[in-house]
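Okay, so here's the structure we're looking at.
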Amino acid sequence: MITLLDRASRPLVKRILNIYVRPYAGWVVQAMLWMVLAAAMSAIFASLVQPVLDDVLINHKDHLVLPLAIGVMLCFVLRGVATYMQTVLMNRTGQHIVSDIQNHVFGHLMGLDIAYFHKNASGTLLSRLTADTSVMRNAVAEGLTNLGKNTLTLFLLVGVMFWRDWALALACFIIFPITATFVSKLGKRLRKLSTRTQEGLAEMAALLTQTFQGIRQVKAYGREGWEVARMKSKIDDVRNLNIKNVRTGTINAPVNDTLVGLCVFGLILYGGHEAREGSLTPGALMSFITAFLMSYEPMKKIAKVNNTLQIGLGAAARVFEIIDTRPTVISGPEKPEMPNPSVRFENVIFGYEGGDGPALDGANFTADAGRVTALVGPSGGGKSTILNLLLRFYDPQAGRILIDGHDIKAMDIGHMRGHIALVSQDITIFDDTALANIAYGREGASEAEVLEAAKAAHAHEFISALPNGYQTRLGENGVSLSGGQRQRIALARAFLKNAPILLLDEATSALDAESEALVQESLGRLQAGRTTLVIAHRLSTIKHASRILLVDKGRVAEEGTHDTLLARGGAYAALYARNQLGGQVAA
Ligand SMILES: Nc1ncnc2c1ncn2[C@@H]1O[C@H](COP(=O)(O)OP(=O)(O)OP(=O)(O)O)[C@@H](O)[C@H]1O
Ligand SMILES: [Mg+2]
Numbered sequence: 000m001i002t003l004l005d006r007a008s009r010p011l012v013k014r015i016l017n018i019y020v021r022p023y024a025g026w027v028v029q030a031m032l033w034m035v036l037a038a039a040m041s042a043i044f045a046s047l048v049q050p051v052l053d054d055v056l057i058n059h060k061d062h063l064v065l066p067l068a069i070g071v072m073l074c075f076v077l078r079g080v081a082t083y084m085q086t087v088l089m090n091r092t093g094q095h096i097v098s099d100i101q102n103h104v105f106g107h108l109m110g111l112d113i114a115y116f117h118k119n120a121s122g123t124l125l126s127r128l129t130a131d132t133s134v135m136r137n138a139v140a141e142g143l144t145n146l147g148k149n150t151l152t153l154f155l156l157v158g159v160m161f162w163r164d165w166a167l168a169l170a171c172f173i174i175f176p177i178t179a180t181f182v183s184k185l186g187k188r189l190r191k192l193s194t195r196t197q198e199g200l201a202e203m204a205a206l207l208t209q210t211f212q213g214i215r216q217v218k219a220y221g222r223e224g225w226e227v228a229r230m231k232s233k234i235d236d237v238r239n240l241n242i243k244n245v246r247t248g249t250i251n252a253p254v255n256d257t258l259v260g261l262c263v264f265g266l267i268l269y270g271g272h273e274a275r276e277g278s279l280t281p282g283a284l285m286s287f288i289t290a291f292l293m294s295y296e297p298m299k300k301i302a303k304v305n306n307t308l309q310i311g312l313g314a315a316a317r318v319f320e321i322i323d324t325r326p327t328v329i330s331g332p333e334k335p336e337m338p339n340p341s342v343r344f345e346n347v348i349f350g351y352e353g354g355d356g357p358a359l360d361g362a363n364f365t366a367d368a369g370r371v372t373a374l375v376g377p378s379g380g381g382k383s384t385i386l387n388l389l390l391r392f393y394d395p396q397a398g399r400i401l402i403d404g405h406d407i408k409a410m411d412i413g414h415m416r417g418h419i420a421l422v423s424q425d426i427t428i429f430d431d432t433a434l435a436n437i438a439y440g441r442e443g444a445s446e447a448e449v450l451e452a453a454k455a456a457h458a459h460e461f462i463s464a465l466p467n468g469y470q471t472r473l474g475e476n477g478v479s480l481s482g483g484q485r486q487r488i489a490l491a492r493a494f495l496k497n498a499p500i501l502l503l504d505e506a507t508s509a510l511d512a513e514s515e516a517l518v519q520e521s522l523g524r525l526q527a528g529r530t531t532l533v534i535a536h537r538l539s540t541i542k543h544a545s546r547i548l549l550v551d552k553g554r555v556a557e558e559g560t561h562d563t564l565l566a567r568g569g570a571y572a573a574l575y576a577r578n579q580l581g582g583q584v585a586a
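Residues 0 to 586, numbered by numbering that gives the first Met the number 0, are exactly what the sequence shown covers, in order.
This is the structure in structure tokens:
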């Protein structure tokens, strides 16, 4: 059936076979043995029709009645058992293969750059891992289960036809090339159609996740009706494509049925004549017709498998596209000790993909070890970009970034990030217990350590007051937290990680006075002795920093302490006068 695959699909099939099917070769071989048995039983039954008719029904050879009856019965029993065994084995193989692919794709995705996740909507990726792999599962299971069995059955039944009357068999054969061409044409069309369907599904998933994530905006701006209408058009698109899919996929039924009908018509006319002439016994003719009609079933199934296969190959191509995406941020080999983790940017130039102009345009600065360095400046100046590059979420196009004198590009990424704790504005609370949410900060942390971190972050009091204490579920399916509580969870994570470098993106939203005091107090303790880079919005943070960097247009425009910068009367002093140090209005 490999002839039904176009040239472009072959590497894809080879790849699936070599990498994903090979580990299950044992099961596949077992299933194939059962498959041979099932196909043989079909062919034997078709051949038995001749002695049943000629010897038992016409010539009354009584001693053959019982053996033939048992033989026919055995054919069916064995075929049933063999089909069951083969289907179960092949299906198990298919399920394993697809879960292997899913694990592989997810593992690979986790290693890809932040930039990749910016380029691809999370809904699209979600649909690659679910909808596309489920289509692949069907293709693999169907392909493995039905393709071999039906091809072999067809082959054997055609053999029976030739054995009974080769000339007649040859005549019937004109329909095979016709159907085969038709089936392969159809397969290609289906594959295109289904690619569009899967893309539609991916778009739908992307839109859904976006809408759910932005549900507060939707409601606040009263756009529910608009969202419903927008979603309806996507849903309807997918429905129409699905309908078209089924219409295209089933068109082979009437076409094939007509062809078979024509053949049977011819067979009865011609065969009736031959039987009268005596060159073909009635049993032989019936056996021929039985084999022909029985061969029609596997033929239909092969056409159907081809459709599923084409659809699955389309999905496989999309899934492999993810696997073939290489990360651009590559880990280095070095794992240096960094006892004095100062941070240094040397002429760093960096532009986001698709961004207009560089976000950092020759950034130069040093953040001293164990001190607090505050980043201030107008919105869009490049403050967040500095933190992104230090974490190696992206690599700069030029320049170097050093921690304690070591180029971060040469370092093992895990080792390097292990030295940095990030407390960003957008705090993710995972759908898990309070304990697990804090323990996320460091793999393998003990419960006592988590509690200690929670106490240091002033999170212990409110967590203890939750219905199930530290075992209370937070996040989407659990208790919702206030802004201040979320921040304290984030701080607890950072305390637990106990990294020498601390990156803070200070929250702009004002907390109530009590939360604010608690957060500030624990922040102060968290910063003690650590190299801290803080994107500062609060004047108190800025004033206490040992060095202030004014980041504007991708460069460090001014640097110094609050007092020296004010005395200088430059851009910093101007921003301070307008109360706009932190990009937003500084509190
Ligand atoms: N993911 C991105 N893709 C493309 N451009 C980006 C991306 N993130 C930021 N930029 C651009 O890079 C520049 C610097 O942005 P950055 O986020 O570093 O500014 P910022 O100083 O943190 O501003 P703010 O105070 O508003 O947070 C801006 O021009 C911004 O539009
Ligand atoms: Mg920012």
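Every residue, glycine too, gets a C-beta built ideally from N, C-alpha and C.
The model shown is predicted, which means the values in this text are computed figures rather than measured ones.
Using the three-state DSSP reduction, which class does Glu-345 fall into: helix, strand or coil?
By 1-based counting over the sequence shown, the position of residue 345 is 346. Strand at Glu-345.
Contact between the segment 393-405 and the segment 324-343 (3+ Cβ pairs under 8 Å)
yes
Under 5 Å, CB to any heavy atom of ligand 1. Which residues pass, going along the chain?
Tyr-351, Gly-354, Ala-358, Ser-378, Gly-379, Gly-380, Gly-381, Lys-382, Ser-383, Thr-384, Gly-582
With H, G and I counted as helix, E and B as strand and the rest as coil, what does DSSP make of Glu-558?
Taking the sequence shown and counting its residues from 1, the one referred to as residue 558 is at position 559. Looking at Glu-558 - three-state DSSP - the assignment turns out to be strand.
Reduced DSSP secondary structure (H/G/I, E/B, other) of Leu-111
Counting from 1 along the sequence shown, the entry for residue 111 is found at position 112. It is coil, neither helix nor strand.
Using 10 angstroms around the beta-carbon of Phe-105, count the other beta-carbons present and answer buried if the total reaches 16, otherwise exposed.
The residue you call residue 105 lines up with position 106 of the sequence shown. Counting Cβ neighbours within 10 Å, Phe-105 comes out exposed, since fewer than 16 surround it.
Beta carbon of Ile-534: closer than 7 Å to some heavy atom of ligand 2?
Here residue 534 is taken as the residue at index 535 of the sequence shown, counted from 1. Yes, ligand 2 has a heavy atom inside 7 Å of this Cβ.
Please determine, among Glu-226, Val-134, Asp-235, the residue with the shortest C-alpha to C-alpha distance to Arg-190.
If you number the sequence shown from 1, residue 190 lands on position 191. Of the candidates Glu-226, Val-134, Asp-235, the one whose C-alpha sits nearest the C-alpha of Arg-190 is Val-134.
Quick test of the definition: if touching needs 3 or more C-beta pairs under 8 Å, does the segment 192-203 touch the segment 118-134?
yes
Could I get the ranges of all uninterrupted alpha helix (DSSP H) runs contained in the segment 356-432, with 4 residues as the minimum, in chain order?
382-389, 412-416
Can you tell which of Met-230, Leu-151, Gln-209, Gly-277 has the C-alpha that lies nearest to the C-alpha of Lys-300?
Within the sequence shown, residue 300 is the residue found at index 301, counting from 1. Taking only the C-alpha atoms, the option nearest Lys-300 is Leu-151.
Could you name the residues that DSSP lists as bridge partners for Ile-43?
Along the sequence shown, one-based indexing puts residue 43 at 44. Ile-43 pairs with nothing; no bridge assigned.
Cutting at 6 Å between CB atoms, please list the residues of its own chain near Gly-440, excluding the five before and the five after it.
As a position in the sequence shown, residue 440 is number 441, starting the count at 1. Correct list, in chain order: Arg-492, Leu-495, Lys-496.
By Cβ distance below 6 Å, which residues in the same chain neighbour Leu-308 in space, the five residues on each side in sequence not counted?
Here the question's residue 308 lines up with position 309 in the sequence shown. Ala-138, Gly-142.
Between which two residues does the beta strand (DSSP E) containing Leu-473 stretch?
Against the sequence shown, residue 473 aligns to sequence position 474. Counting along the chain, Leu-473 falls outside any beta strand (DSSP E), and DSSP gives it neither H nor E.
Once the 5 residues before and after Asp-360 are set aside, which same chain residues still bring their CB inside 7 Å of it?
For the purposes of this step, residue 360 is taken as residue 361 along the sequence shown, with counting starting at 1. Cβ within range, chain order: Ile-348, Lys-552, Gly-553, Arg-554.
What does Arg-567 pair with, by DSSP beta-bridge criteria?
Residue mapping note: residue 567 aligns to position 568 of the sequence shown, counting from 1. Looking at the DSSP assignment, Arg-567 forms no beta bridge with any residue, so it has no partner.
Per DSSP, Arg-546 is paired with what?
Taking the sequence shown and counting its residues from 1, one reaches residue 546 at position 547. Thr-372.
Between the alpha carbons of Thr-242 and Thr-132, how many angstroms are there, rounded?
Numbered from its first residue, the sequence shown carries residue 242 at position 243. Numbered from its first residue, the sequence shown carries residue 132 at position 133. Before going on, a small fix: residue 242 reads as Ile here, not Thr. One C-alpha to the other measures close to 21 Å.
Beta carbon of Gly-477 nearer than 8 Å to that of Asp-425
For the purposes of this step, residue 477 is taken as the residue at position 478 of the sequence shown. For the purposes of this step, residue 425 is taken as the residue at position 426 of the sequence shown. No, Cβ-Cβ distance for Gly-477 and Asp-425 is not below 8 Å.
Backbone secondary structure at Ile-173 - three-state DSSP:
As a first step, residue 173 must be located in the sequence shown, where it is residue number 174. Here Ile-173 sits in coil by DSSP.
In terms of residues, what are the limits of the beta strand (DSSP E) holding Ile-329?
Indexing the sequence shown from 1 puts residue 329 at position 330. No beta strand (DSSP E) contains Ile-329, which DSSP labels as neither H nor E.
Can you tell me where the alpha helix (DSSP H) with Thr-307 in it begins and where it stops?
Translated into the one-based positions of the sequence shown, residue 307 becomes position 308. 281-322 is the extent of the alpha helix (DSSP H) around Thr-307.
So who's on the other strand from Val-533, going by DSSP bridges?
Reading the sequence shown from its first residue, position 534 is the one you call residue 533. Ala-373, Leu-503, per the DSSP bridge assignment.
Using alpha carbons as the reference points, say which of Ser-539, Ala-535, Ile-534, Leu-501 lies closest to Ala-516.
In the sequence shown, residue 516 corresponds to position 517, counting from 1. The residue with the shortest Cα to Cα distance from Ala-516 is Ser-539.
Mapping DSSP to helix, strand and coil, what is Asp-551?
As a first step, residue 551 must be located in the sequence shown, where it is residue number 552. Asp-551: strand per DSSP, three-state reduction.
Could you give the residue range of the alpha helix (DSSP H) that holds Asp-236?
What you label residue 236 is simply residue 237 of the sequence shown in a count that begins at 1. Unbroken alpha helix (DSSP H) run through Asp-236: 223-249.
On the DSSP letters alone, give me the boundaries of the alpha helix (DSSP H) that Arg-577 sits inside.
By 1-based counting over the sequence shown, the position of residue 577 is 578. Arg-577 -> no alpha helix (DSSP H), and no H or E assigned at all.
What is the residue span of the alpha helix (DSSP H) that His-459 lies within?
Along the sequence shown, read from residue 1 onward, the residue named residue 459 stands at position 460. Segment 459-463, the alpha helix (DSSP H) holding His-459.
Determine the contact status of Leu-501 and Thr-531, defining contact as a CB-CB distance below 8 Å.
Against the sequence shown, residue 501 aligns to sequence position 502. Against the sequence shown, residue 531 aligns to sequence position 532. Yes; because the gap between Cβ atoms is below 8 Å, this pair is in contact.
Would you check if the segment 449-469 and the segment 363-371 touch, i.e. whether three or more CB-CB distances between them fall below 8 Å?
no
Between which two residues does the alpha helix (DSSP H) carrying Ile-214 extend?
Your numbering for residue 214 matches position 215 in the sequence shown. Element bounds for Ile-214: 214-219.
Kindly indicate which residue of Tyr-575, Lys-542, Gly-381 has the alpha-carbon position closest to the one of Ala-373.
Translated into positions along the sequence shown, residue 373 becomes position 374. The residue with the shortest Cα to Cα distance from Ala-373 is Lys-542.
Contact between the segment 17-24 and the segment 94-103 (3+ Cβ pairs under 8 Å):
yes
Thinking just about the alpha-carbon of each residue, which of His-95, Ala-433, Leu-169, Tyr-571 is nearest to the one in Val-375?
Along the sequence shown, one-based indexing puts residue 375 at 376. Nearest option by C-alpha distance: Tyr-571.
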